[in-house]
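Read through the structure below, which is laid out as structure tokens, and then see the notes.
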Amino acid sequence: MHIHVLGFGAIGTLVAHHLRAALDPKHLITIVHRSADHVRAAPPSVAVERDGVVVRTEGFTHVASEPEDTHDERIPTGMHMNLLAVPSEAEPTTIDSLVVATKAPYAMHSIKTLLPRLSANSTIVLLHNGMGVYEDLVKHVFRNSDARPHIVLSVNTHGAWRKGVGHVVHAGVGDIQLGIVPDSRNRDFEASLDLSLPRGERKLSLSDITPVAGDPHAERYLSLRNTISAFCSAAPLNAAWRPLYDVQLAMRRKLVVNSVVNPLTALLNCSNGEIFKHAAGTRIAERLCAEASSVFRTQWEQEVKAQARTGTVAGGPDPLVPRVPAWQAEQFPRELEAAALLAECKRIVRLTHENASSMLYDVRNGRGTEVRQLNGYLLRLARRYGVRVPVTATLLDMVVLRSAVPLDSAVSTKAVL
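Note that UniProt numbering numbers the sequence shown so that position 208 is 208, with each residue one more than the last.
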């Protein structure tokens with residue numbers, strides 16, 4: 001197989017490094033950069049630093065988004081792993097697996113630059129913060145469901161920061177949850193899932209994606225199977241293929257945490273740990289968590305009603321209640337209650353109290369933030385379901401304003417109100 005990693009930031013570098021270390025050299029890994037200048041600046045190896053120990057991997061191809069701008073530095077490396085292979089007549093420029101590790105605001109544009117190389121047999125892993133990118137892709141880019149690549153949603157809790165080009169510090173070991181979005185053929189990727197078991201004991205089977213042998217559509221699903229297998233083989237990533245419902249719950253919980261922590265730290269120019277040291281920060285977090293829970297509850301109620309009425313899941317391309325057992329559909333998920341969301345915010349802040357959020361780094365460096373995929377997503381969802389979210393909306397506007405006003409802008413002291 002051939003994996004393309006779109007984005008050479010902290011998470012893209014971390015994922016590329018561990019995939020390269022885990023896969024047999026015959027499976028290629030290409031890093032896709034924004035421009036030819038970034039390609040020329042790419043180092044011949046990737047370095048990941050953890051607790052002061054630096055490990056390097058080689059054997060990557062570096063290319064720009066445009067096919068003619070390429071820079072090949074392929075050197076075989078890595079441990080052996082057996083991935084399934086089926087002979088294909090596809091052009092060598094076709095992308096099997098695309099791991100999107102750009103920031104959320106740039107994801108859709110970056111994917112669009114690669115459209116000529118993507119097909120229904122391709123797999124796209126969305127590995128970014130926030131929500132809404134998948135919905136935008138379905139609505140604006142891959143409107144034909146039969147021609148749409150397989151899409152894998154994810155929740156990443158690894159913490160990393162870039163020390164230099166191709167050199168990242170793995171500051172916090174987390175995990176990656178992967179969930180496969182259903183396709184137009186209605187293949188049941190979760191056929192082996194036993195919903196009667198506790199959530200932690202439920203297992204999925206790669207054979208439900210495709211057993212390959214005896215499957216007339218094996219080529220259609222091979223990249224999806226191999227992508228899931230590749231991620232799960234990279235042990236340091238702690239990646240796991242999970243039921244889509246579980247991933248969607250985790251995505252929403254992380255969305256709320258980031259909608260609290262990232263804007264507040266960016267606005268206050270402080271570390272994560274400062275937020276809950278003060279009652280005012282706790283009150284803001286409580287209000288936002290209550291708003292988010294109200295939005296999720298309204299969405300859940302409407303989708304459950306639609307499911308009961310029609311037997312199918314409604315609510316748009318990213319429903320909250322897909323494949324929910326009857327007993328669970330009768331009760332709003334406890335993980336999305338306001339108190340549970342606030343507890344999760346506090347837990348994450350305790351674990352990352354010395355860290356600075358990515359949004360704070362973006363504001364400090366004059367870069368665009370992901371606030372429209374965080375608070376902005378909550379606001380759009382609230383408007384869809386008629387829920388008022390004043391704190392969420394205010395934080396969104398304040399971050400947009402903070403980004404527009406330079407941190408070091410001079411203020412005249414001649415006029416005093």
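Cβ coordinates follow ideal geometry from the N, Cα and C atoms, glycine included. Computed from a prediction, not measured in an experiment: that's the story for all the values here.
Check whether residue i and residue j have beta carbons under 7 Å apart
i: V100; j: L118; result: no
i: H17; j: V48; result: yes
i: L197; j: G179; result: no
i: R20; j: T61; result: no
i: A235; j: V260; result: no
i: G130; j: L374; result: yes
i: V155; j: K254; result: yes
i: L360; j: T265; result: yes
i: L244; j: S293; result: no
i: D215; j: S184; result: no
i: I348; j: V257; result: yes
i: T392; j: E291; result: yes
i: T13; j: V39; result: no
i: G164; j: G172; result: no
i: A382; j: V304; result: no
i: L204; j: W241; result: yes
i: S233; j: A22; result: yes
i: V141; j: A107; result: no
Nearest-angstrom beta carbon gap, residue j and residue i [assumed within contact, 8 Å]
i: I31; j: A42; result: 7 Å
i: R334; j: A340; result: 6 Å
i: L98; j: L6; result: 6 Å
i: I209; j: F189; result: 6 Å
i: A10; j: V168; result: 5 Å
i: N272; j: T352; result: 5 Å
i: N238; j: G174; result: 7 Å
i: Q299; j: Y377; result: With 8 Å as the limit, Q299 and Y377 do not qualify as a contact, their Cβ atoms being about 12 Å apart.
i: R187; j: L193; result: That belief does not hold up - the Cβ atoms of R187 and L193 are roughly 14 Å apart, past 8 Å.
Closest Cα partner of residue i within the set the options
i: R297; options: S97, A356, V387 and V168; result: V387
i: I151; options: V125, I176 and G166; result: V125
i: T93; options: V46, A393 and I3; result: I3
i: M1; options: S229, V15 and Q177; result: S229
i: L395; options: P149, C289 and H217; result: C289
i: R364; options: S233, N262 and R383; result: N262
i: V15; options: L115, H170, P149 and R287; result: H170
i: H278; options: K346, R34, R202 and Q307; result: K346
i: P116; options: R162, G132, R143 and S65; result: S65
i: D246; options: V181, Q307 and R220; result: V181
i: A356; options: R287, D96 and R162; result: R162
i: Q302; options: R287, A280, Q331 and F276; result: Q331
i: I95; options: H217, D397 and L28; result: L28
i: D24; options: R34, G59 and V55; result: G59
i: V63; options: R50, P44 and V55; result: P44
i: R287; options: R309, A191, P390 and R148; result: P390
Residue-chain proximity (residue i, chain C), Cβ-Cβ < 7 Å
i: H140; result: This model lacks chain C altogether; it includes just one protein chain.
Residue i beta carbon near the ligand SAM (any heavy atom closer than 6 Å)
i: R402; result: The ligand content of the structure shown is nil, which means the ligand SAM is not present either.
Original post:
What are the start and end residues of each continuous alpha helix (DSSP H) run of 4 or more residues lying completely inside the region 350–402, in chain order?
Top reply: 358–364 and 375–385
**OP:** Decide if the region 217–237 is in contact with the region 106–121; the criterion is three or more beta carbon pairs, one per stretch, under 8 Å apart.
**Re:** yes
Original post:
With a cut-off of 8 Å, do at least 3 Cβ pairs link the region 365–374 to the region 400–407?
Top reply: yes
**OP:** Count the C-beta pairs between the region 106–114 and the region 137–148 that are closer than 8 Å, then say yes if the count reaches three, no if not.
**Re:** yes
Original post:
What are the start and end residues of each continuous alpha helix (DSSP H) run of 4 or more residues lying completely inside the region 116–169, in chain order?
Top reply: You should have 133–136.
Subject >> Whole runs of the beta strand (DSSP E) within the region 217–255, excluding any shorter than 3 residues >> reply: 239–241
**OP:** Note down, one range per segment and in chain order, each beta strand (DSSP E) of at least 3 residues found wholly within the region 165–198.
**Re:** Annotation: the region 165–198 contains the following complete segments of the beta strand (DSSP E) (minimum length 3 residues), in chain order: 167–172 and 176–180.
Subject >> Minimum length 3: unbroken beta strand (DSSP E) runs contained in the region 12–76 >> reply: For the region 12–76, whole beta strand (DSSP E) runs of length 3 or above, ordered along the chain, are 28–33, 45–50, 53–58, 60–64 and 70–73.
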